[in-house]
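Residue numbers (the working numbering): 131 to 445.
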């Protein structure tokens with residue numbers, strides 16, 4: 131006797147499966163893009179926060195008959211007398227003029243402008259000095275001096291990073307919810323088209339777990355292909371953006387983008403997150419398909435146990 135080869139219960143390729151694969155690829159791309167963007171913004175915010183928290187600024191306003199150079203030296207020495215300070219640097223006229231060039235242009239004469247002069251003091255992040263005591267001594271010694279410890283900017287950066295994480299988490303949640311609903315409807319559509327096969331298998335004694343496993347493997351293959359395509363495309367986008375940024379350094383467009391977003395490189399942790407997102411999407415799709423199949427088979431059992439019921443029967 132010659133045994134005929136068995137075919138799969140669920141057709142390996144159909145219009146519904148291909149459409150679902152495209153939808154999963156799009157959602158995977160959006161999820162990975164969101165995850166990478168959140169990681170990039172968090173890294174940039176952390177870098178800004180670290181740079182700001184390492185320094186404090188002493189501003190001295192100019193006045194008539196006021197010895198600015200002596201006041202700058204006095205302010206620097208007073209700041210360095212506190213425990214927790216490491217270095218102090220007085221910004222000269224050239225450095226101050228470069229800070230104002232984007233707004234006032236080149237060729238500035240600071241002697242004709244009431245521009246405050248700055249002293250940049252580097253502090254120990256692990257053991258910062260007493261800012262209130264430093265501010266009080268500066269006010270007594272140099273009334274024109276103002277100490278800025280950048281706490282306001284640090285608080286804003288922390289709030290921005292937290293808000294970005296919350297927004298990214300909300301977007302990821304919406305993508306996952308939409309994907310689950312899509313898989314539920316796709317599974318029900320596939321079951322509707324193959325309902326007679328499921329009923330025959332169930333009638334001849336096939337267990338619900340066996341039927342669910344067949345559909346589970348079918349949707350696992352679809353979800354793996356779709357999530358891999360979306361994740362690889364998202365990784366390629368970040369790789370291309372990082373390559374473009376590296377090739378166009380020292381240009382106005384790249385400088386502005388770097389100042390706003392930081393580097394477009396998400397690092398190995400970002401790519402690991404993209405890979406993890408791909409696996410989560412595939413597993414979530416498979417689990418959703420299994421639960422949907424099991425519930426559908428339970429509905430078939432309920433209908434067969436009560437012949438008076440006609441709901442959910444095919445027309």
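Each residue gets a CB set at the ideal place from its N, CA and C atoms; glycine is no exception.
Range of the contiguous beta strand (DSSP E) that encloses residue i
i	result
residue 201	Element bounds for residue 201: not the beta strand (DSSP E) but the alpha helix (DSSP H), 198-210.
residue 185	185-190
Buried versus exposed, by CB contacts within 10 Å (16 or more), residue i
i	result
residue 200	exposed
residue 169	buried
residue 215	buried
residue 279	buried
residue 275	buried
residue 330	exposed
residue 259	buried
residue 177	exposed
residue 353	buried
residue 264	buried
residue 453	Here the chain has residues from 131 to 445 only, and residue 453 is not among them.
residue 268	buried
residue 277	buried
residue 229	exposed
Host alpha helix (DSSP H) of residue i (start-end)
i	result
residue 120	Outside the modelled stretch of the chain, which goes from 131 to 445, sits residue 120, for which no answer is possible.
residue 261	261-271
Per DSSP, cross-strand counterpart(s) of residue i
i	result
residue 253	215
residue 248	189
residue 220	249
Contact under 9 Å by Cβ, residue i with residue j
i	j	result
residue 371	residue 404	no
residue 297	residue 205	no
residue 412	residue 339	no
residue 212	residue 361	no
residue 164	residue 313	no
residue 396	residue 235	no
residue 249	residue 209	yes
residue 251	residue 186	yes
residue 355	residue 161	no
Beta strand (DSSP E) runs contained entirely in the segment 274-335, provided each spans 3 or more residues: The DSSP assignment places 275-278 as complete runs of the beta strand (DSSP E) inside the segment 274-335, in order along the chain (cut-off: 3 residues).
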